[in-house]
Amino acid sequence: MLSTLTASSKYFEDFTPGDVYRHARGKTVTEMDNVMITNMVMNTAEGHFNEHLMKGNEIFGQRVVFGGINISMVVGLAAQDTAANALAELGMDRIRLRHPVVHGDTLYAYSEVLSAVDAEREDAGVVTFRHWGVNQDDRIVFQGERRVLVKRRSHWGAK
């Protein structure tokens with residue numbers, strides 16, 4: 018059965034505007050995460066990989082984690098509750114990187130359901146989430162909105 022490949026909950030019908038989720042896991046950002054992914058995407062901003070340069074920086078005093086990593090980790094932490102029955106990622110908007118992340122920070126994710134509307138196809142609906150990530154000190158490091166095409170239980174639940 019196809020439905021056994023995804024979660025038995027968190028279909029389109031399970032998302033109600035106003036619901037807020039505190040996602041179960043956290044992730045400590047390592048030096049490897051930052052350097053590897055920064056280099057893989059060919060980001061040449063030295064603030065992400067040049068410790069010597071950043072030690073003299075009066076704002077940060079150390080390397081900062083590439084914002085794309087912060088966004089990916091928060092959305093990834095939220096995926097268990099928001100993407101188990103996703104058919105497609107439709108877009109991200111209103112992205113804000115609010116506070117720098119450094120090696121050793123631990124990120125946690127929260128999500129709010131902003132809307133759940135019918136899609137152009139009968140087997141799914143569109144859910145819009147506001148995601149935000151906080152560090153170990155409860156400082157908001159990321160905020161953004163994400164639209165996802167999510168399976169309807171009424172169509173997919175028994176397949």
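Heads up, the sequence shown is in the numbering used here, so the first residue is 18 and it goes up one at a time. We put the CB at the ideal spot given by N, CA and C, even for glycine.
Pull up the distance between the alpha-carbon of THR33 and that of LYS72, whole angstroms please.
-> Distance between the alpha carbons of THR33 and LYS72 is about 47 angstroms.
Exposed or buried, which one is THR45 when buried takes at least 16 other CB atoms within 10 Å?
-> That one is exposed.
Between the C-alpha atoms of VAL144 and VAL37, what's the straight-line distance to the nearest angstrom?
-> Roughly 13 angstroms between the two C-alpha positions.
Report yes if the C-beta of VAL81 is less than 6 angstroms from at least one heavy atom of the ligand MG; otherwise report no.
-> Of ligands this structure carries none, so the ligand MG is not represented either.
Residues near ARG115 by beta carbon distance below 8 angstroms, same chain, minus five either side = Excluding residues within five positions, the ones whose Cβ falls inside 8 angstroms are ARG156, ILE157, VAL158, PHE159, GLN160.
Whole-angstrom distance between VAL91 and ASN60, CA atom to CA atom | Spanning the two alpha carbons is a distance of roughly 20 angstroms.
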